Amino acid sequence: MQIIDLHCDTISALAKCRPAGGLRSNELSVDIGKLEQAGSLAQFFAMFIDLQETAQPLAECLRLIACFSQEMAANRDKIKLATCYADIESNDKLGKISAFLTIEEGGVFGGKLSNLRLFYDLGVRLVTLTWNYPNEIGFPNCRPEYQNSGLTEFGRQVVNEMNQLKMIVDVSHLSDQGFYDVAECASRPFVASHSNARSITGHPRNLTDPMIRRLAEKGGVVGVNFANRFLGASPVSRVEDIVHHIRHIYQVGGIDVLALGSDFDGIDPRLEIENIGQIGKLVQALKCSGFKEGEIEKICNKNSIRVIQACLS
Numbered sequence: 228m229q230i231i232d233l234h235c236d237t238i239s240a241l242a243k244c245r246p247a248g249g250l251r252s253n254e255l256s257v258d259i260g261k262l263e264q265a266g267s268l269a270q271f272f273a274m275f276i277d278l279q280e281t282a283q284p285l286a287e288c289l290r291l292i293a294c295f296s297q298e299m300a301a302n303r304d305k306i307k308l309a310t311c312y313a314d315i316e317s318n319d320k321l322g323k324i325s326a327f328l329t330i331e332e333g334g335v336f337g338g339k340l341s342n343l344r345l346f347y348d349l350g351v352r353l354v355t356l357t358w359n360y361p362n363e364i365g366f367p368n369c370r371p372e373y374q375n376s377g378l379t380e381f382g383r384q385v386v387n388e389m390n391q392l393k394m395i396v397d398v399s400h401l402s403d404q405g406f407y408d409v410a411e412c413a414s415r416p417f418v419a420s421h422s423n424a425r426s427i428t429g430h431p432r433n434l435t436d437p438m439i440r441r442l443a444e445k446g447g448v449v450g451v452n453f454a455n456r457f458l459g460a461s462p463v464s465r466v467e468d469i470v471h472h473i474r475h476i477y478q479v480g481g482i483d484v485l486a487l488g489s490d491f492d493g494i495d496p497r498l499e500i501e502n503i504g505q506i507g508k509l510v511q512a513l514k515c516s517g518f519k520e521g522e523i524e525k526i527c528n529k530n531s532i533r534v535i536q537a538c539l540s
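Under this note's numbering, the sequence shown has 321 at position 94, and the numbering climbs by one with no breaks.
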């Protein structure tokens with residue numbers, strides 16, 4: 228079963244700890260060996276920026292992209308940047324994993340569309356509009372007082388420009404009203420790259436049932452997140468809880484709205500699926516819970532491929 232994972236924080240983790248093996252081999256949850264073990268078709272790598280930890284978010288994001296580019300060059304025999312579905316196909320024929328470059332924090336644009344275009348030119352193809360702080364685009368969903376605050380005018384311009392440039396808009400971390408504003412103004416499908424179901428676990432980072440239905444109507448996907456606090460009460464991220472969220476999202480929005488967004492290397496490491504190489508545990512659990520082979524394939528790669536084709540070509 229080929230795997231597409233819509234979100235990991237591995238590059239940011241590598242930039243901090245600088246393991247000798249880099250992306251090829253490390254003690255993190257994602258490296259090339261583990262991706263190969265998983266049967267990875269494509270991995271989305273987020274450049275994560277904490278606006279309260281850096282005085283120069285744009286420069287920090289460029290530093291992370293340089294780290295990403297160095298890893299691509301050092302491991303060119305195994306993995307290669309992809310910016311569209313045609314790249315996935317060509318990389319796969321060469322036996323290479325496709326790496327998508329993404330940004331987790333639209334605040335790096337500094338309120339300038341020219342910076343969005345700069346990152347597009349550098350190969351970025353997905354942007355998570357907010358993280359945990361308000362920015363020029365909109366508001367996060369981490370605090371109740373933000374939930375009814377939507378996109379700013381600049382935020383709407385960003386969504387429009389991303390649709391025009393052919394980039395994927397990501398609403399994970401975005402306020403509830405911001406989600407609906409994206410749904411209203413987006414001309415292409417959008418994603419919640421690493422979120423779960425709020426009806427199952429009442430965390431504001433998760434999507435409500437109406438959001439799941441709206442996302443499905445727009446042709447988008449929700450990448451199911453493996454973080455324990457978004458799955459349930461257990462201190463360990465359990466496979467059964469991941470399956471529970473998948474089952475609920477399936478019942479609410481249908482099979483076509485489901486994808487994977489592990490959030491590996493950005494979450495509590497207490498995980499039954501310790502790394503991407505163990506993703507087969509989830510595939511097997513889905514089979515045992517009654518999902519058909521074709522449905523599992525949609526969750527693991529086909530639905531993400533559909534969105535990539537719709538947004539990036």
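Glycine is no exception: its CB is placed at the ideal position from the N, C-alpha and C atoms.
Just so you know, these numbers come straight off a predicted model, no measurement behind them.
Check your understanding: Taking Cβ to Cβ, would you say T237 is nearer than 8 angstroms to F272?
Key -> yes
**Study point:** Option nearest H400 by Cα separation, candidates V466, E363, A269, E332
**Key:** E332
Exercise for review: With a threshold of 16 other CB atoms inside 10 Å of the CB of C288, please say whether the residue is buried or exposed.
Suggested key: buried
Exercise for review: Could you check the C-alpha separation between L278 and I395 for me, to the nearest Å?
Suggested key: Cα to Cα, the separation comes out at about 22 angstroms.
**Study point:** For A413, the three-state DSSP class (helix, strand or coil)
**Key:** coil
Check your understanding: For A247, does the count of other Cβ atoms within 10 angstroms reach 16, so buried, or fall short, so exposed?
Key -> exposed
Review point. Is DSSP giving K525 helix, strand or coil here?
Key: Here K525 sits in helix by DSSP.
Exercise for review: Could you say which of R245, K393, N253 lies nearest to A413 if we only look at CA atoms?
Suggested key: K393
Review point. Can you tell me whether E520 is buried or exposed, with buried defined as 16 or more other CB within 10 angstroms of its CB?
Key: exposed
**Study point:** Within the segment 476 to 510, ranges of the beta strand (DSSP E) (whole runs, at least 3 residues)
**Key:** 485 to 487
Review point. Between the Cα of K307 and the Cα atoms of D492, A269, A286, which residue gives the shortest distance?
Key: A269
Exercise for review: Kindly list the residues whose CB is nearer than 7 angstroms to the CB of A410, restricted to its own chain and excluding five residues on each side of it in sequence; keep chain order.
Suggested key: R441, K445
Practice item. Please report how far the alpha carbon of R383 lies from the alpha carbon of P416, in whole angstroms. Key: 15 angstroms
Practice item. State the DSSP-derived secondary structure class of V398, mapped to helix, strand or coil. Key: In the structure shown, the three-state DSSP call for V398 is coil.
Point to revise | Those runs of the alpha helix (DSSP H) which lie wholly inside the segment 438 to 463 and span at least 4 residues | key: 455 to 458
Exercise for review: Could you pull the start and end residues of the alpha helix (DSSP H) that C311 belongs to?
Suggested key: Boundaries for C311: no alpha helix (DSSP H) harbours it, and the DSSP string shows neither H nor E there.
Review point. For V335, which option in V510, S461, D304, Y347 has the closest C-alpha, if you only look at C-alpha atoms?
Key: Y347
**Study point:** beta-carbon A269 near the ligand PLP non-hydrogen atom, thresh 7 angstroms
**Key:** Annotation note on the ligand PLP: not contained in the displayed structure, which lists no ligands.
Check your understanding: In angstroms, rounded to a whole number, what distance separates the CA positions of N318 and I324?
Key -> About 6 angstroms.
Exercise for review: Decide if the segment 489 to 500 is in contact with the segment 519 to 539; the criterion is three or more beta carbon pairs, one per stretch, under 8 angstroms apart.
Suggested key: no
Check your understanding: If you run the structure through DSSP and keep just helix, strand and coil, what is V534?
Key -> helix
**Study point:** Proximal residues to H421 (C-beta, below 6 angstroms), its chain only, five neighbours per side dropped
**Key:** H234, S399, G450, N452, G488, D490
Review point. Is the segment 460 to 478 touching the segment 243 to 259 in the sense that three or more CB pairs, one from each, lie closer than 8 angstroms?
Key: no
Check your understanding: Contact check, S376 vs S341 under 8 angstroms by CB: the rounded distance?
Key -> About 25 angstroms; that fails the 8 angstroms criterion.
Review point. By DSSP, does E388 sit in helix, in strand, or in coil?
Key: Taken through DSSP and simplified to helix, strand or coil, E388 comes out as helix.
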